[in-house]
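Visitor: Can you keep this structure in mind? I'll have questions shortly.
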Amino acid sequence: MTFARARAAAMPSVSTTVIEIEPRFLAEEHDHEHDKEIGCLTADRPLDPDRFIAWISKFTQEIG
Numbered sequence: 003m004t005f006a007r008a009r010a011a012a013m014p015s016v017s018t019t020v021i022e023i024e025p026r027f028l029a030e031e032h033d034h035e036h037d038k039e040i041g042c043l044t045a046d047r048p049l050d051p052d053r054f055i056a057w058i059s060k061f062t063q064e065i066g
């Protein structure tokens with residue numbers, strides 16, 4: 003758990019904003035990491051919403 007998350011977890015306010023937890027969040031230069039396991043998908047044509055929802059639901063149930 004990062005320091006910011008630990009600090010946020012200890013805060014009693016439900017309405018705590020990101021800026022309150024991490025004041026430099028919107029700064030142009032700040033430290034952060036990208037998960038190399040995360041990717042993206044694109045489509046070359048419009049998706050059928052019903053088919054997409056069925057596919058993504060099954061995918062997240064099986065893969066997580």
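Sequential numbering of the sequence shown, starting at 3, is according to the working numbering.
Note that beta-carbon positions come from the ideal geometry of N, C-alpha and C, so glycine has one too.
Computed from a prediction, not measured in an experiment: that's the story for all the values here.
Quick one: Cα of Ile58 to Cα of His34, how far?
Guide: Position 56 of the sequence shown holds residue 58. Position 32 of the sequence shown holds residue 34. Roughly 28 Å separates the two Cα atoms.
Visitor: Using C-beta distances below 7 Å, list every residue in its chain close to Lys38, excluding the 5 sequence neighbours before and after it, in chain order.
Guide: By one-based count along the sequence shown, residue 38 stands at place 36. The answer is none, since no qualifying residue turns up.
Visitor: Over what stretch of residues does the alpha helix (DSSP H) that includes Thr62 continue unbroken?
Guide: Position 60 of the sequence shown, counted from the first residue, corresponds to residue 62. That run of the alpha helix (DSSP H) goes Pro51 to Ile65.
Visitor: In whole angstroms, what is the alpha-carbon distance linking Leu28 and Thr62?
Guide: Here the question's residue 28 lines up with position 26 in the sequence shown. Here the question's residue 62 lines up with position 60 in the sequence shown. About 31 Å.
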